[in-house]
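Asks: Just dropping this structure here.
Number of protein chains: 2
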Amino acid sequence: LIERKQLRARQRIIAAAAELFADHGFDAVSVSDIAERAEVGRTTFFRYFGDKQEVVFAREQEVLDLIAGEHLEIPRSGDRTPTSALRALEPVLLRVCDRMTSSPDGYRAHMQLVDGHGELRGRDAAKMRVAAERLSGLLLAGGWDAGPAALAAELALACYWTARSTNPDPEDLSSATRNALRHTLELGKSR
Amino acid sequence: LIERKQLRARQRIIAAAAELFADHGFDAVSVSDIAERAEVGRTTFFRYFGDKQEVVFAREQEVLDLIAGEHLEIPRSGDRTPTSALRALEPVLLRVCDRMTSSPDGYRAHMQLVDGHGELRGRDAAKMRVAAERLSGLLLAGGWDAGPAALAAELALACYWTARSTNPDPEDLSSATRNALRHTLELGKSR
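This is the structure:
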């Protein structure tokens, strides 16, 4: 019961912050404003979030935890190439895209907030660096060497950024990422 | 003459900041400390750098300007594929690596400073996002479509991050990046 109450408090904080940021902009809203709107104390806010920026990236943090909990399907053949590594990451990456955009309106508002604010863009880009490390970690656990693991993790993330940079509808982020992956896996075949 | 004096002032600020950050850490040093050590006023500091973080990334800013000034060698055949785009970016990317590491000791100190500080990691990652946009811009100017341009720019950056994540000696960043590019361009050929 306590756990459920805590989860609801966290969700209230996230929702309150999103509303306040959308209405007044990130800089004009304080942690106290968010706590008040969410009907929690500042202490409760800081139990869940390290600072005001962190509440913006609650979803990203969930995605990073999701990646850490994944296990890759290991190819039956013994090949541990960059190609097989990238193929093994594909389902994880697409689940990440789906989770990121599971609330399309929330995703749109989030991206607008982040893209319009220098510090938030930095925090976002730093979170994606952590995502690359976690993807690489999955490959290491799956038996790939450090070199192919790092390369495939970075290429997977590059496909996500490619999709994102074309500003697709949230519903299309996943398919745009899959498309970028397909092109990447065909690089050697064309000039 | 005035221009040369200004350039020297800028260089003194960068050198003074690097020394102070190395000795005391980023947070313990103020803009006033840097200005004093560089024998300039605070106003002069802010003529060259938007804030204290920005002086850490003076070299990255030079690299971003370098990219903007590049022109790609256009392949003779009319093919504007992701593969030809990535190949066209290769020499630019390797020049970027060489410029970044042209002072090996400076590069080592820079990376140590950035990797050990959350906000600086964020600013660094955000600069790399700008680099991706600039690389993509070069391809657009060279006649590639937006899709292949975005993909190849992200893949080029992924190769740089792959090289960087293996923590090579500064002297080896360029060859490690070239190696990652080679593997990327061979993805479709192996399983």
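Protein chains in written order, with our numbering: chain E, 1 to 191; chain W, 1 to 191.
A virtual CB, placed ideally from N, CA and C, is assigned to each residue, including glycine.
1) Closer than 8 Å, Cβ to any Cβ of chain W: which residues of the stretch 100 to 117 of chain E, in chain order?
2) As an exercise, report each continuous beta strand (DSSP E) stretch of at least 3 residues that is fully enclosed by the stretch 1 to 25 of chain E, in chain order.
3) Please report the residue range of the alpha helix (DSSP H) in which E54 of chain W lies.
4) Measure the C-alpha to C-alpha separation of D169 of chain W and A180 of chain E and round it to an integer number of angstroms.
5) Return the first residue and the last residue of the alpha helix (DSSP H) that T177 of chain W is part of.
6) Nearest by alpha-carbon distance to W161 of chain E: which of E:A109, E:R129 and E:D23 is it?
7) Give the list of continuous alpha helix (DSSP H) stretches no shorter than 4 residues that lie fully inside the stretch 120 to 159 of chain W.
8) Please compile the residues from chain W whose C-beta is within a distance smaller than 9 Å of the C-beta of L157 of chain E.
9) Please classify F57 of chain W: is it buried, with 16 or more other beta-carbons within 10 angstroms of its beta-carbon, or exposed?
10) Does DSSP classify E60 of chain E as helix, strand or coil?
11) Taking 7 Å as the threshold (beta carbon to beta carbon), is P82 of chain E in contact with chain W?
12) Does any C-beta atom of chain W lie closer than 7 Å to the C-beta of R123 of chain E?
13) For the alpha helix (DSSP H) holding G106 of chain E, just list the boundary residues, first then last.
14) At which residues does the alpha helix (DSSP H) containing D33 of chain E begin and terminate?
15) Who are the Cβ neighbours of I14 of chain W in its own chain at under 8 Å, not counting the five residues just before and after it?
16) Roughly how many angstroms separate the alpha carbons of G118 of chain W and S77 of chain W, rounded to a whole number?
17) Using a Cβ-Cβ distance under 7 Å, would E193 of chain W count as near chain E?
18) Is DSSP giving A28 of chain W helix, strand or coil here?
19) List, in chain order, every chain E residue whose beta-carbon is nearer than 7 Å to that of A150 of chain W.
20) Can you tell which of W:G69, W:W144, W:T81 and W:D27 has its C-alpha closest to the C-alpha of V92 of chain W?
21) Just the chain W side, please: which residues come within less than 7 Å of H183 of chain E by C-beta, in chain order?
22) Buried or exposed: where does F46 of chain E fall if 16 or more other Cβ atoms within 10 Å of its Cβ makes it buried?
23) Comparing C-alpha positions only, which one of E:R164, E:K5 and E:H71 sits nearest to T44 of chain E?
24) Going by C-alpha to C-alpha distance, which of E:G122, E:G137 and E:W144 sits closest to D79 of chain E?
25) Alpha carbon to alpha carbon, how far is E133 of chain W from A156 of chain E? Give it in angstroms, no decimals.
26) Just to confirm before moving on: does the CB-CB distance between I2 of chain E and A16 of chain E stay below 7 Å?
27) Quick one: is A180 of chain E near chain W, going by C-beta distance under 7 Å?
28) Check whether chain W comes within 7 Å of R129 of chain E, counting only Cβ atoms and requiring the distance to be less than that.
Replies: Judging by the given coordinates:
1) Per Cβ criterion, the list is empty.
2) none
3) K52 to V56
4) 32 Å
5) L173 to T184
6) It is E:R129 whose Cα lies nearest to the Cα of W161 of chain E.
7) none
8) By Cβ distance, chain W contributes E154, A158 and W161.
9) Residue burial annotation: F57 of chain W is buried, with at least 16 other C-beta atoms found within 10 angstroms of its C-beta.
10) Helix.
11) yes
12) yes
13) P104 to D115
14) Per DSSP, the continuous alpha helix (DSSP H) segment holding D33 of chain E begins and ends at V31 to A38.
15) V55 and A58
16) 46 Å
17) Absent from the structure is residue 193 of chain W, since the part of chain W shown begins at 1 and ends at 191.
18) coil
19) T162, S165 and T166
20) W:G69
21) P82 and L151
22) exposed
23) E:K5
24) E:W144
25) 18 Å
26) Not a contact, by the Cβ cut-off of 7 Å.
27) yes
28) yes
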